[in-house]
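Down below is the structure, laid out as C-alpha cells.
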Amino acid sequence: MQSLVSVNIIELDINNDVLIAWTYPTLTKSEKEEVVQKCQITNQEFEEETLFARIGEKWVYYFFSIHNTQTKTIPKVKKLAICVLTTDFNPEKYLYIAEKFNEKYVEDGNPINLLKSYISLYATSSCKDFEMDKFNQLNPYLESPISSIISLFKTNFMMIWAALFMKKNVVVYSNSYYELLTVVRSLPLLVMHRQNWNILHPFVQFKENQIDYLKSQNGYIAGFTDPQIKNQENLYDLFIDVTTSEISIPEHAQGDIIVTKTYQQLAEQIFKAVESKSQTDERIIKALNKKNKELILNLVKNAGDSENPQKISLSSIKNLQLSRQTEIFVINVASAENLLV
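Counting from 1, position 160 in the sequence shown corresponds to residue 161 in my numbering; the numbering is continuous, with no gaps.
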C-alpha cells in the first residue's frame, strides 16, 4: 500500500498544549504546519470522531479519541488524534486504518506496534487484525448519497451540475463538519464521466497558506465551516449553503452558469424519481453520466471542426444559430472538455 505517506500522533496534553508526538517516516515543514492547522483537537465544538481533508496534493485522514488521567498508557493526554497522510482518496479505508492505529497506540502508549502495522500495510497491503479486504477502489466514489443531495436542493441541483460541468469554482459552506464532508464528496458524481476527485478540497480554513493554494487551483470544490466565506466572492463562481439549502451565484459568474431547457426538464424528472424513491443512487449516477456523455457526443457531432472532427471551433458553434444563452453554455462546456480549437 504505497499510497501511504506517513502516520502521525498528535496529542492535546493536560496543559492544553498540542504536540506532534511522533511521526513516521517524516513530514515536511509545511505539512507539519497544515496537519496541525486542520486537526480540530483543540476545537471544543468539534464532536466528530473523524475528519478528512487535503494538504497540497495529498489527502489527510484524522481519527480522534478522548482520554483522561485514568487512561494509564497515556496519562497526560486529554485528546488524541491519529493522522494518516496518503496520496489516495478513500475516506472509509484510511479512516479505518487511522482508527486501528489508534487502538494499537492506546494499548500501551508505545508507537512501536503502530509502526509495525504501518510497515506491514506499506509493504504488503495487509496486516494482522486489519480487515482490508472489505475495501475496493470503487467504494469512495459510490459511498456518497447523491439522492440526499438532490432532495436537499431540489431541481436547483442542476445549477451545481452546470457549474461543475463547466469547471467553475464551487464553494460549499456548512456549520456541520459531517454535513459538509457528506455534500462535498458527493458533488463529483454529477460529472462522473471525468472520474476526478482531485478537484475536492473538503475542508479549507482561512489560513494564508491554505487560501493561497486554493487560488492556484481551477475548477475546484472547496468546503468551509467558516461563514465569512460567503463574503469572499473572488473564491467562487457558485456558492452552496448546506445549512439553509440555498445556492447563489455572484455577479461575475451569472452570465456563465446556465441550465438549458432540456437539462431543466431532466432535473425535474430526476427530482421526481428521487422523491418517489423509484431510483437507486447508482441508477441516478448512471443516468447523469449517460446524459453527460450524450451532450459531449452531440456537441462533436453537430459542431465538429471540418479539419479536426473530434474538436469544436467557435465558428462551427456560431453556425448552429443557437440562442445566446445556449451558445454560452455550449462554448463553456466545449472549453471545459478541452474540445475547442
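All C-beta atoms, glycine included, are put in the ideal place defined by N, C-alpha and C.
Short of 7 angstroms from the beta carbon of Val-205, and not among the five residues preceding or following it, lie these beta carbons of its own chain, in chain order: Gln-211, Leu-215, Ala-223, Gly-224, Phe-225. It is roughly 15 angstroms from the alpha-carbon of Ile-271 to the alpha-carbon of Val-192.
C-alpha of Lys-278 to C-alpha of Leu-116: approximately 47 angstroms in a straight line. Judged by DSSP in its simplified three-state form, Ser-7 adopts strand. Between Leu-122 and Met-2, the gap from beta carbon to beta carbon is short of 8 angstroms. One alpha carbon belongs to Val-243, the other to Ile-113, and they sit about 42 angstroms apart. The DSSP-derived three-state label of Asp-242 is strand. The alpha carbon of Ile-147 has as its nearest neighbour, out of Glu-180, Thr-125, Phe-131, the alpha carbon of Glu-180. Boundaries of the beta strand (DSSP E) harbouring Leu-81: 78-87, taken from the DSSP string.
Under a 10 Å Cβ-count criterion, Ala-268 is classified as buried, with 16 or more other Cβ atoms of the shown protein chains found around its own Cβ. Excluding its 5 nearest sequence neighbours in each direction, Lys-208 has C-beta neighbours in its own chain below 7 angstroms: Gln-38, listed in chain order. Restricting attention to Asp-89, Ile-42, Leu-5, the CA atom closest to the CA of Asp-14 is found in Ile-42. Non-local C-beta neighbours of Ile-258 in its own chain, meaning closer than 8 angstroms and more than five positions away in sequence, comprise Met-160, Ala-163, Ala-164, Met-167, Lys-169, Asp-238, Leu-239, Ile-250, ordered along the chain. The C-alpha of Ile-313 lies about 52 angstroms from the C-alpha of Phe-102. Note that the C-beta distance between Asn-44 and Thr-24 is not below 8 angstroms.
The beta-carbon distance between Asn-309 and Val-342, rounded to whole angstroms, is 6 angstroms. This is short enough to meet the 8 angstroms contact definition.
The Cβ-Cβ distance between Leu-86 and Thr-51 does not fall below 8 angstroms. One Cα belongs to Ser-118, the other to Lys-129, and the distance between them is close to 8 angstroms.
Gly-256 places its beta carbon 8 angstroms or farther from that of Ile-151.
With respect to Glu-32, Ile-56 sits close: the two C-beta atoms are nearer than 8 angstroms. Annotation: Arg-55 is outside any alpha helix (DSSP H); the continuous beta strand (DSSP E) that includes it extends over 51-56. In the DSSP assignment, Ala-164 forms no beta bridge with any residue. Shortest Cα-Cα distance from Tyr-62 to any of Cys-40, Lys-73, Ile-75 involves Cys-40.
With a minimum length of 4 residues, the unbroken runs of alpha helix (DSSP H) contained wholly in the stretch 187-247 fall at 209-216.
The distance from the Cβ of Tyr-178 to that of Glu-49 is about 5 angstroms, consistent with a contact at the 8 angstroms cut-off.
As summarised for the stretch 17-44, the continuous beta strand (DSSP E) elements at least 3 residues long and confined to that stretch are 19-25, given in chain order. For Val-331, there is no enclosing beta strand (DSSP E); the enclosing alpha helix (DSSP H) covers residues 325-337.
Between Leu-182 and Phe-47, the C-beta spacing is not below 8 angstroms. With a threshold of 16 other beta carbon atoms within 10 Å, Asp-227 falls short and is exposed. Residues Lys-94 of the same chain have their beta carbon placed closer than 6 angstroms to that of Phe-136, with the five preceding and five following residues left out of the count. The beta-carbon separation of Leu-28 and Ser-7, rounded to 6 angstroms, stays under the 8 angstroms limit for a contact.
As a beta-bridge residue in DSSP terms, Gly-305 pairs with Ile-313. Sequence-distant partners of Ala-288 (beyond 5 residues in either direction) whose C-beta falls short of 8 angstroms from its own C-beta, in its chain, are Ile-271, Gln-280.
Sequence-distant Cβ neighbours of Asn-17 in its own chain, meaning closer than 6 angstroms and more than five residues away, do not exist here. A Cβ-Cβ contact shorter than 8 angstroms links Ile-318 with Val-331.
Residues Ser-66, His-68, Thr-72, Thr-74, Ile-75, Leu-81 of the same chain have their beta carbon placed closer than 8 angstroms to that of Val-107, with the five preceding and five following residues left out of the count.
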